[in-house]
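Below is one structure; the comments refer to it alone.
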Amino acid sequence: MTNSIRLFFSKLELDNRMLGMIGALIFLWVVFNFATDGRFLTPRNLFNLSVQTASVAVMATGMVFVIVTRHIDLSVGSLLGLLGMLMGTLQAHILPQYLGFEHPLIWVITVVAGLSIGVLIGAVQGWIIGYLTVPAFIVTLGGFLVYRGAAWWVTTGQTVAPLDASFKLLGGGAEGTLGAGFSWIAGLLASILAVVLMVLSRRQKAGHGFSIKPIWAEYTLGAVAVSLIMGFVWIMNSYPLSKGAVKRIFANRDLPIPDFNVYHGIAIPVLIVVMIAVLMTVIAKKTRFGRYVFATGGNPEAAELSGINTRLLTVRVFALMGGLTAIAAVIASARLGSVGNDLGTLDELRVIAAAVIGGTALAGGVGTIYGALLGALIMQSLQSGMAMVGIDAPLQSIVVGIVLVLAVYLDIAYRRRAGA
Numbered sequence: 001m002t003n004s005i006r007l008f009f010s011k012l013e014l015d016n017r018m019l020g021m022i023g024a025l026i027f028l029w030v031v032f033n034f035a036t037d038g039r040f041l042t043p044r045n046l047f048n049l050s051v052q053t054a055s056v057a058v059m060a061t062g063m064v065f066v067i068v069t070r071h072i073d074l075s076v077g078s079l080l081g082l083l084g085m086l087m088g089t090l091q092a093h094i095l096p097q098y099l100g101f102e103h104p105l106i107w108v109i110t111v112v113a114g115l116s117i118g119v120l121i122g123a124v125q126g127w128i129i130g131y132l133t134v135p136a137f138i139v140t141l142g143g144f145l146v147y148r149g150a151a152w153w154v155t156t157g158q159t160v161a162p163l164d165a166s167f168k169l170l171g172g173g174a175e176g177t178l179g180a181g182f183s184w185i186a187g188l189l190a191s192i193l194a195v196v197l198m199v200l201s202r203r204q205k206a207g208h209g210f211s212i213k214p215i216w217a218e219y220t221l222g223a224v225a226v227s228l229i230m231g232f233v234w235i236m237n238s239y240p241l242s243k244g245a246v247k248r249i250f251a252n253r254d255l256p257i258p259d260f261n262v263y264h265g266i267a268i269p270v271l272i273v274v275m276i277a278v279l280m281t282v283i284a285k286k287t288r289f290g291r292y293v294f295a296t297g298g299n300p301e302a303a304e305l306s307g308i309n310t311r312l313l314t315v316r317v318f319a320l321m322g323g324l325t326a327i328a329a330v331i332a333s334a335r336l337g338s339v340g341n342d343l344g345t346l347d348e349l350r351v352i353a354a355a356v357i358g359g360t361a362l363a364g365g366v367g368t369i370y371g372a373l374l375g376a377l378i379m380q381s382l383q384s385g386m387a388m389v390g391i392d393a394p395l396q397s398i399v400v401g402i403v404l405v406l407a408v409y410l411d412i413a414y415r416r417r418a419g420a
């Protein structure tokens with residue numbers, strides 16, 4: 001029986017490390033669900049968990065590229081706080097003077113401005129690292145201090161609120177979701193896309209003469225993918241809105257208040273994470289830029305000798321990281337509905353931990369986007385579970401630190417064994 005199971009999984013050609021991460025995540029969920037008397041694995045908590053993970057997950061996809069190229073970015077948490085403060089000030093104090101409050105363009109201008117500033121700051125950091133050859137650790141450590149201080153000076157320490165109503169939809173909540181109907185449509189489209197991508201990948205491999213999985217293995221993986229997608233949609237559509245939220249939402253839209261349950265569906269931040277994950281995966285696997293990133297991380301000297309402009313590549317990687325940090329700042333500030341000086345505190349450590357736990361090698365050259373997403377989910381599940389159990393914040397930090405060190409050790413041991 002054991003040999004049959006081993007043969008079955010070998011034919012599926014799954015990443016053993018990914019299976020181990022999924023197993024660890026399931027273990028955490030089962031333990032916390034038992035410790036909380038069944039409150040952890042409820043639609044409400046899983047909905048909140050997905051939204052809470054979103055901002056770190058977005059940044060973790062960019063941190064994969066940074067670490068793969070043998071760099072580090074310690075500034076993302078402080079940069080998130082600065083960008084959040086700038087965007088909050090722009091939409092709460094500056095734009096209303098010219099456009100009026102709740103103008104439909106306020107959130108658009110705010111997001112574009114935040115993205116532009118984030119990309120610019122990231123590019124400047126990358127230029128200092130790539131062209132002035134200052135180590136990334138020092139540059140981003142300086143950024144960690146500078147951006148946190150700059151965020152305070154924007155409003156001299158005052159919290160910015162309220163934010164634009166349309167902007168706050170990007171943070172999730174009762175109104176920031178697709179709703180049940182559109183969530184089913186989104187799930188169906190995502191399932192079709194997953195199957196199509198599997199078919200195209202199989203044809204491409206066959207066309208280039210590479211070995212391909214047995215057809216039953218493809219069907220099995222397709223069924224698993226569709227089941228996971230539609231199962232997630234079903235869980236999100238099982239979390240009903242409160243009666244107060246239903247009355248407020250329908251009254252604002254001049255619609256009759258229904259006498260039946262209305263459900264949340266997929267939160268907009270989760271949709272943003274999915275789109276960014278797909279885009280970053282395509283960039284990593286299907287573009288010249290992505291190939292250059294992994295080639296440079298694998299052997300910087302060989303990459304430079306082969307004609308890759310590694311200095312410009314560094315600028316582009318950090319500019320991308322800055323843009324993704326801006327998107328994370330949008331999600332984080334919109335979710336809270338305000339921007340305080342503590343926004344993004346310690347997020348740099350959570351992001352790095354998510355990437356490393358997800359299998360990104362600190363030595364460079366190795367990393368996956370889906371691994372970083374799983375790492376972010378594991379980190380947030382660990383923190384949320386401990387908070388629900390009632391573990392004090394200092395002890396939570398101790399546990400997370402131990403888990404991070406253990407994850408790196410296991411990764412090193414796994415790579416040594418695989419190399420052997």
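Position 350, counted from 1, in the sequence shown is what our numbering calls 350; the numbers after and before it change by one each time, with no gaps. A virtual CB, placed ideally from N, CA and C, is assigned to each residue, including glycine.
Proximity to residue i [Cα-Cα], best of the options
| i | options | result |
| --- | --- | --- |
| Gly126 | Ala319, Leu395 and Gly337 | Ala319 |
| Ala174 | Val408, Leu228, Ser242 and Leu115 | Ser242 |
| Leu163 | Gly337, Leu362 and Val154 | Gly337 |
| Ser166 | Ser116, Leu25, Val108 and Gly84 | Val108 |
| Ala161 | Gly297, Val317 and Val339 | Val339 |
| Ser78 | Asp347, Ile352, Asp392 and Arg416 | Asp347 |
| Asp73 | Pro256, Gly390, Lys213 and Tyr147 | Tyr147 |
| Pro240 | Leu19, Gln204 and Asn48 | Asn48 |
| Leu86 | Gln204, Gln97 and Thr110 | Thr110 |
| Ala363 | Ala328, Ala355 and Tyr370 | Ala355 |
Residue range of the alpha helix (DSSP H) that includes residue i
| i | result |
| --- | --- |
| Ala60 | Pro43 to Val68 |
| Gly298 | Arg288 to Gly298 |
| Asn261 | Segment: none, Asn261 is in no alpha helix (DSSP H) and carries neither H nor E. |
| Ala165 | Ala165 to Lys168 |
| Val31 | Asn16 to Ala35 |
| Pro96 | Leu95 to Leu99 |
| Thr89 | Val76 to Thr89 |
Close-in-space but distant-in-sequence residues of the same chain around residue i (CB under 6 Å, 5 per side omitted)
| i | result |
| --- | --- |
| Ala57 | Val273, Leu373 and Ala376 |
| Leu410 | none |
| Ala420 | A caution first: Ala420 carries a pLDDT of 43, below 50, which makes its placement in the model unreliable, though a value can still be read off. So no residue of the chain qualifies. |
| Tyr131 | Arg311 |
| Gly62 | Leu320, Met321 and Leu324 |
7 Å CB neighbourhood of residue i in its chain, flanking five on each side removed
| i | result |
| --- | --- |
| Arg350 | Val56 and Met379 |
| Ile266 | Thr177, Leu178, Ser183, Ala186, Val233 and Met236 |
| Val119 | Ala319, Gly322 and Gly323 |
Residue i, DSSP secondary structure in three states
| i | result |
| --- | --- |
| Pro269 | helix |
| Thr133 | coil |
| Thr177 | strand |
| Arg415 | helix |
Proximal residues to residue i (C-beta, below 8 Å), its chain only, five neighbours per side dropped
| i | result |
| --- | --- |
| Leu28 | Ile378, Ser381, Leu382 and Gly385 |
| Asn33 | Arg39, Phe40 and Leu41 |
| Val246 | Ile257, Pro258 and Val262 |
is_contact[residue i, chain C] using C-beta, thresh 9 Å
| i | result |
| --- | --- |
| Leu279 | This model lacks chain C altogether; it includes just one protein chain. |
> Which runs of the alpha helix (DSSP H) spanning at least 4 residues fall entirely within the stretch 322-410, listed in chain order?
Replying inline: Runs found: 347-357 and 369-389.
> Which runs of the beta strand (DSSP E) spanning at least 3 residues fall entirely within the stretch 222-259, listed in chain order?
Replying inline: Taken in chain order, no unbroken stretch of beta strand (DSSP E) lies wholly in the stretch 222-259 with a span of 3 residues or more.
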